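Residue numbers (the working numbering): 433 to 599.
Glycine included, C-beta positions come from ideal geometry on N, C-alpha and C.
Every value quoted in this text rests on a predicted model; they were computed, and no experiment measured them.
Notes for the one structure printed next.
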């Protein structure tokens, strides 16, 4: 007698596939809005030795490249700009969709990656990068072990950003 997959396994596999498809669709839709920021993204990426796709992926993940923002703010008015930094990190008079904002947030990303590299020198570069991406979102103290890298504010954040960076 044939039996189907355990409900938990089936639900998990379906959720992952549906989630990946949704991320892919939204990332592709966000590409149109990202074109407006292509030159500043490339300049900032070049200056900081970052992949421009990573900056664009964070913009897509955080704010759908501005689509979800109200005059630069999220719904709760706690995070600001295309790359959504908290009020505590915000520099006064930086416009939410400016190159200065992209540069400020990308510098925070680089600091997060470097902090994870310092705390976890035995991790591979890929793991350090994913840890840094997660730390950008939830703080460096949330990155304790690789298996629990995305247990901070947003579940699966680093993987979602990595998927978006492919488009």
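Tell me whether the beta-carbon of residue i lies closer than 9 Å to the beta-carbon of residue j.
i	j	result
residue 562	residue 597	no
residue 542	residue 480	yes
residue 565	residue 517	no
residue 469	residue 451	no
residue 465	residue 509	no
Counting along the chain, where does the alpha helix (DSSP H) carrying residue i start and finish?
i	result
residue 562	557-570
residue 506	Element bounds for residue 506: n/a, residue is neither H nor E.
residue 467	Per DSSP, residue 467 belongs to no alpha helix (DSSP H) and is neither H nor E.
residue 592	589-597
residue 537	531-551
Hey, how far is the Cα of residue i from the Cα of residue j?
i	j	result
residue 531	residue 467	14 Å
residue 433	residue 455	Model confidence at residue 433 stands at a pLDDT of 45, short of 50, so the residue's coordinates are unreliable and nothing is read from them.
residue 533	residue 544	17 Å
residue 458	residue 588	16 Å
residue 573	residue 463	32 Å
residue 559	residue 477	20 Å
residue 571	residue 453	28 Å
residue 595	residue 539	22 Å
residue 569	residue 498	17 Å
With hydrogens ignored, establish whether the beta-carbon of residue i is closer than 8 Å to any heavy atom of the ligand ATP.
i	result
residue 573	Absence of the ligand ATP from the depicted structure is noted, as is the absence of any ligand whatsoever, leaving it without description.
Less than 8 Å between the CB atoms is what I'm expecting for residue i and residue j, so what's the real figure, rounded?
i	j	result
residue 599	residue 494	Not quite, the Cβ-Cβ distance comes to about 16 Å (not below 8 Å), so this is no contact.
| Sufficient close CB pairs (3 or more, under 8 Å) joining the segment 573-582 to the segment 467-482 | no
| Should the segment 496-515 be called in touch with the segment 542-551, which here means at least 3 C-beta pairs below 8 Å? | no
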